[in-house]
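Worksheet: the structure to be examined is printed underneath.
Numbering (the working numbering), first residue to last: 2 to 1279.
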């Protein structure tokens, strides 16, 4: 009998990080030294952890990660403050005393200091874990015990009161003061319970605030981060610049978050380098991990070294920014310390166009001037065509775009599938071509791996999949190729390596748009280059431009494909670093090319003689006779006639879509049931009827008793718009004979690809029948604008295809206001990280905007001029940061404004926006750049819709649902909203501001609200939603008098009297009493009181002046306040405020006078009581007299006759009064409310003091430890 171990077999380790499929194992078995040694790979990603398994050393025992850079700026610390220690101690910006270790060597004796939030460095999941652990350790045990104690006290008071009441001990003879205190004692106990519950709900840990110290030891810059949070620098994280020292360390033992440091601008900027996610480490491990003791776990090129460049910005959820991308590219262009051979970038977005853009220009220099190989992920946006993102879709076609492939071994080892299936592209892998005709996907590679992740995840490895994993696999293969060429001393260029990869890839029996030229085969590529080196074209790229708009290939889609089309092609050879290339090599360049195309529907020349100049020729495409509803791909391939075996020199990729144009009844398309196996993709191309606005797609499953998983992906390509503009994506699970209907918007006149794909891992075959119905309710305007002064706006709605039920609805959802810069400044950045080689410094424009929020709201800042463009933007980058009045950073955002919204409380805020470019003159043009702020309405506002103008004008009967016949139109009339509406009135709308919303026409609720959820984000496809904008115009003027103008002009002004003069003089003198110094103010005060002995305003002004002097004037303050209190007759005031309704004709005037007297009285009582309380609190408890306490009790009682203790006029007094009476719970409640109104240093100090008196030290400690984060000295740097 076989042993159990023999029957179980071995684990397929080779499938965890697949290398066999791409020839890596074969190459390294034959040539172990071709393992990437001598090659440097730059990882443009979220950061690489040098402490992760396999990322310590290369196969030659060299340091694996030779440099770590945070290009985003998220890890920057402003250390421009320079100090010198006094007796070995530095005063940190946090307020802590920092003890300098004696072992530090600092010849200058000067230290740069700053503060950094730990949470600003942490990735989101780590931040959540650390916050949870801190709460469980430092908050929960204490807080729960305090809450229980507070609840017991409340129960004790209630029990005591109950027993006292039942015994009849209360005789009603207790003093009013004792009764008040008894009442307040109970209220204090209850408030403690309420506050502890509120604090638990509102718990907000801003995280540790670490002091940072930077100095130069004579050889290298060093930095220390005080993770002790108590000034013990000896126990902090102490590191030298990483590139020089290769030092790194965990920030704390608990977080296991490995950091390193760089220093810029002569010590004025500390760059703390961490990771914004685990993604970059996983990517680097695929490309180059080295496990000396377990080589089965190795990455593709274990001998290569890594340069980690973080392009993901922690401030915006690890999204890449233009700043980070530009800095990353500058670092690899020309680095004096090392030479980068390969870039891997498993990041990217979708661009609206690829033929221009600042970042594209820099990427062009990286590859075509400096000769760096660039490999990038194609994206995870499939399975529809034309879903490749940027960078593969950059203006230069020199970047290798990689699709994701899953092999049978991967299915078993990584996904633990029951059985192996044939290898195929992942369903979600982005497909080519690009909008301008390039392949987009150059090759494919394994798109999944189980390998190392950062130590902060507290796991050694993890499964990740995506083209993000396929790209580093390919980058590792490129490193192996370059390593081989270097060891063999064979010259190469990015172009020769790329062509060898393309010509030797393994063509798979799968979708050409997913695999590109095929599955990369590194062993074949190396053999190819060794055999075919030193060709005349090795340093040459061939730029292909098709048509008048100079596209990278031919991609014809939005047409009816009913006639032939001719296309002009221009091909130009361009040498590496063309401007510096040897003129003799240009003169010697000459090739005789033979060309071929295997598609019968393409006619093209068969030869082309090429010297170092542009050549052009024509080709013809004839789609007639091709089956409709399909896509066709071919390419025109050019070979060197003297060495055809070397493979294709260049190609012209040709993709044409031949859409279905004829539909049953003009709107109905159906496809009979088809069999769907794992990974099978069926594409229907339909030329959308010109008047269509939405579509219903119905899927019906059959021939399977199990649930089937499908991906429905519909795409229309609009010129100069990204693929996401007109798109629908949905993953659908269908049971046997189950029907699913999806509704989404379409745009007439554009071809729609309706792609239905079976999930790649499905084990059971199934059949699906597809039915498509187009609908149309089209308004006369794509975007409706209504001016509030117009009152009514007409919109004509047409049913173009078929009868449709219409029920118009108009809803406003946002308020928008435009801010203009309060400050604008263009400044040069400079320094190595912001200077392009050739002494080309980068400049930045910093704009500041002031934002005032009248009530809590959710806001979205948007720079309209630069929004929704990143890679294609004419400017290098944009980033905004929003700060409160204390300069605390609350949120950030970039080009994609719809991703970022912030909930703000009432208050004043500052938004700072920066834009970068090499040319300062372009930045100067933006010095007055407006910023739009969208505020979400607390409640949506619905506009009235009418079917006739008269009904709209008279606010008559509203529009009812109606059925429109095919080809007919019906007007609807929108009525402008009333600006006095309770939801709009509070916004304080001013002329020029606008209200934004949407307009819909379909009666069917499903049509109006169709939304799609994509795997990597939400795609809104509102099929019946049209933008609606209501512009606020000038409000109507007040009614003017109807009397004649002559009588008005002749009316004489009423003559002023001496009494009026004396009153005006009195008021002027009164206003100056508090403005002058105390002695001068007293003289004016005496003059006023001599002439007007009963003038309360002057007495109040004198009280304010005395109180402003400080504690030394308390006696005078008390006396002055007593005079005011005595002068006010409270009986009429109480009678007035006790009256429910005042029917007198001059009621408004009387109310104004009464309010003025009451407010004067309350201010006098508040200042008097505060001074008395200060005197009491200055004494030891044993020396405090009952008489003084009774006095403040009386003041409290008098004040509470008019207002609540929380009223802003008296809350300062009551905070002190409650402290005097030992009612610290009530005192803390009042101070907490003051902090809610405006969090200031003074209010925070009062609050922490109150919490300490309560014994709530865990709360005061939390507030105190995060004080530097709430009150930074400067704005967070960009």
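Ideal placement from N, C-alpha and C gives every residue a C-beta, glycine not left out.
Please read these numbers as outputs of a predicted model, since none were measured by experiment.
Beta-carbon spacing of residue 518, residue 501 below 8 Å: Counting from 1 along the chain shown, the entry for residue 518 is found at position 517. Counting from 1 along the chain shown, the entry for residue 501 is found at position 500. No, these two residues do not count as a Cβ contact at 8 Å.
Element boundaries [alpha helix (DSSP H), containing residue 1090]: In the chain shown, residue 1090 corresponds to position 1089, counting from 1. Looking at the DSSP string, the run of the alpha helix (DSSP H) that includes residue 1090 is 1079-1092.
Express the C-alpha separation of residue 627 and residue 878 in angstroms, rounding to a whole number. Numbered from 1 along the chain shown, position 877 holds the residue referred to as residue 878. Numbered from 1 along the chain shown, position 626 holds the residue referred to as residue 627. Each residue's Cα considered, the two are about 46 Å apart.
On the three-state DSSP scale, how would you describe residue 919? The count along the chain shown starts at 1 and reaches residue 919 at position 918. Residue 919 falls in the coil class under three-state DSSP.
Leaving out five residues on either side along the sequence, give the residues of the same chain with a beta carbon under 8 Å from the beta carbon of residue 1264. Numbered from its first residue, the chain shown carries residue 1264 at position 1263. The answer, listed in chain order, is 1245, 1248, 1249, 1252.
Give the DSSP-derived three-state secondary structure of residue 722 in the structure shown. Locating residue 722 in the chain shown gives position 721, counting from the first residue. Residue state, collapsed to three classes: coil.
Where does residue 351 fall in DSSP's three states? Here residue 351 corresponds to residue number 350 of the chain shown, with the count starting at 1. In this structure, residue 351 counts as coil in the three-state DSSP scheme.
8 Å Cβ cutoff met for residue 1192 and residue 1173: In the chain shown, residue 1192 corresponds to position 1191, counting from 1. In the chain shown, residue 1173 corresponds to position 1172, counting from 1. Cβ distance < 8 Å, so residue 1192 and residue 1173 count as in contact.
At a cut of 8 Å, does the segment 796-807 reach the segment 968-985 through at least three beta carbon pairs? yes
Here's a check: name, in chain order, each residue in its chain whose Cβ is nearer than 7 Å to the Cβ of residue 1, leaving out the five neighbours to either side. Because the chain here runs from 2 to 1279, residue 1 falls outside it and cannot be looked at.
Sorted by chain position, which residues of the same chain lie with C-beta nearer than 7 Å to residue 1360's C-beta, five sequence neighbours on each side aside? Limits of the chain in this structure are 2 at one end and 1279 at the other, which puts residue 1360 out of reach.
Residue 997 to residue 726, Cα distance in whole Å? Indexing the chain shown from 1 puts residue 997 at position 996. Indexing the chain shown from 1 puts residue 726 at position 725. Rounded to whole angstroms, residue 997 to residue 726 spans 20 Å at the Cα level.
With a CB to CB cut of under 6 Å and the five nearest residues on each side skipped, what residues in its chain are close to residue 455? Position 454 of the chain shown, counting from 1, holds the residue named residue 455. Cβ within range, chain order: 50, 53, 276, 279, 282.
For residue 938, which residues from the same chain have a beta carbon less than 7 Å from its beta carbon, with the 5 sequence-adjacent residues on both sides left out? Residue numbering aside, residue 938 sits at position 937 when the chain shown is read from its first letter. Closer than 7 Å at the Cβ level, and outside the excluded window around residue 938, lie 813, 814, 815, 816, 984.
So, for residue 432: in the same chain, excluding its five sequence neighbours on each side, which residues have a beta-carbon less than 6 Å away from its beta-carbon? Along the chain shown, read from residue 1 onward, the residue named residue 432 stands at position 431. Correct list, in chain order: 383, 386, 388, 514, 515.
Please give me, in chain order, every unbroken run of the alpha helix (DSSP H) with length at least 4 that falls completely inside the segment 1091-1133. 1097-1110, 1115-1128
Using the Cα positions of residue 307 and residue 249, report the straight-line distance between them to the nearest angstrom. Here residue 307 refers to the residue found at position 306 of the chain shown. Here residue 249 refers to the residue found at position 248 of the chain shown. Roughly 15 Å between the two C-alpha positions.
Top-ranked residue by Cα proximity to residue 991, from 980, 999, 1001: By 1-based counting over the chain shown, the position of residue 991 is 990. The shortest C-alpha separation from residue 991 is found at 980.
Out of curiosity, what's the CA-to-CA distance linking residue 1278 and residue 1242? Reading the chain shown from its first residue, position 1277 is the one you call residue 1278. Reading the chain shown from its first residue, position 1241 is the one you call residue 1242. Answer to the nearest angstrom: the Cα atoms are 22 Å apart.
Taking the beta carbon of residue 819 as the centre, do at least 16 other beta carbons fall within 10 Å, making it buried, or is it exposed? Residue 819 sits at position 818 when you count from the first residue of the chain shown. Exposed: under 16 other Cβ atoms inside 10 Å.
Sub-8 Å separation of residue 770 and residue 624 beta-carbons: Position 769 of the chain shown, counting from 1, holds the residue named residue 770. Position 623 of the chain shown, counting from 1, holds the residue named residue 624. No. Outside cutoff.
For residue 1037, count the other beta carbons within 10 Å of its own beta carbon; 16 or more makes it buried, fewer makes it exposed. Which is it? Here residue 1037 refers to the residue found at position 1036 when the chain shown is read from its first residue. Per-residue confidence for residue 1037 stands at a pLDDT of 46, beneath the threshold of 50, marking its modelled position as unreliable; the derived number appears in the next sentence. Residue 1037 comes out exposed.
Please classify residue 1271: does DSSP put it in a helix, a strand, or coil? Position 1270 of the chain shown holds residue 1271. Of the three classes helix, strand and coil, the one that applies to residue 1271 here is helix, per DSSP.
Quick one: complete alpha helix (DSSP H) runs, 4+ long, within the segment 311-390? 323-334, 359-369
Could you tell me the alpha carbon to alpha carbon distance between residue 975 and residue 463, rounded to whole angstroms? For this step, residue 975 is matched to residue 974 along the chain shown. For this step, residue 463 is matched to residue 462 along the chain shown. Taking the straight line joining both Cα atoms gives about 56 Å.
May I ask you to check if the CB of residue 1228 is nearer than 7 Å to at least one heavy atom of the ligand ADP? Among the ligands in the structure shown, none appear at all, so the ligand ADP cannot be discussed.
Are the CB atoms of residue 762 and residue 679 nearer to each other than 8 Å? Translated into the one-based positions of the chain shown, residue 762 becomes position 761. Translated into the one-based positions of the chain shown, residue 679 becomes position 678. It is a contact, given that the beta carbons lie within the stated cut-off.
Going by beta carbon distance, what residues of the same chain come within less than 8 Å of residue 401, once the five residues before and after it are set aside? Here residue 401 is taken as the residue at index 400 of the chain shown, counted from 1. Excluding sequence neighbours, residue 401 sits near 374, 375, 376, 377, 393, 443, 444, 475, 479, 499, 502.
How far does the alpha helix (DSSP H) with residue 443 in it reach, from first residue to last? To locate residue 443, count along the chain shown from 1; it is residue 442. It is not in any alpha helix (DSSP H) - residue 443 carries neither H nor E in the DSSP assignment.
Following the continuous alpha helix (DSSP H) through residue 120, name the residue where it begins and the one where it ends. Here residue 120 refers to the residue found at position 119 of the chain shown. Unbroken alpha helix (DSSP H) run through residue 120: 119-122.
Does DSSP put residue 679 in a helix, a strand or coil? Taking the chain shown and counting its residues from 1, one reaches residue 679 at position 678. Three-state result, residue 679: coil.
Segments assigned alpha helix (DSSP H), at least 4 residues, entirely inside the segment 1170-1233: 1187-1201, 1212-1221
Nearest to residue 238 (by Cα), restricted to the options 567, 247, 251: Taking the first residue of the chain shown as position 1, residue 238 is located at position 237. The shortest C-alpha separation from residue 238 is found at 251.
How many angstroms separate the CA atom of residue 1039 from the CA atom of residue 1033? Counting from one through the chain shown, the residue named residue 1039 turns up at place 1038. Counting from one through the chain shown, the residue named residue 1033 turns up at place 1032. With a pLDDT of 47 at residue 1039, under the threshold of 50, the modelled position of this residue cannot be trusted; read the value that follows with caution. So the alpha carbons of these two residues sit roughly 17 Å apart.
Enclosing alpha helix (DSSP H) for residue 283 [first to last residue]: Looking up residue 283 in the chain shown gives position 282. Here the alpha helix (DSSP H) through residue 283 covers 280-289.
Please state whether the Cβ-Cβ distance between residue 639 and residue 620 is less than 8 Å. For the purposes of this step, residue 639 is identified with residue 638 of the chain shown, where counting begins at 1. For the purposes of this step, residue 620 is identified with residue 619 of the chain shown, where counting begins at 1. Contact: no.
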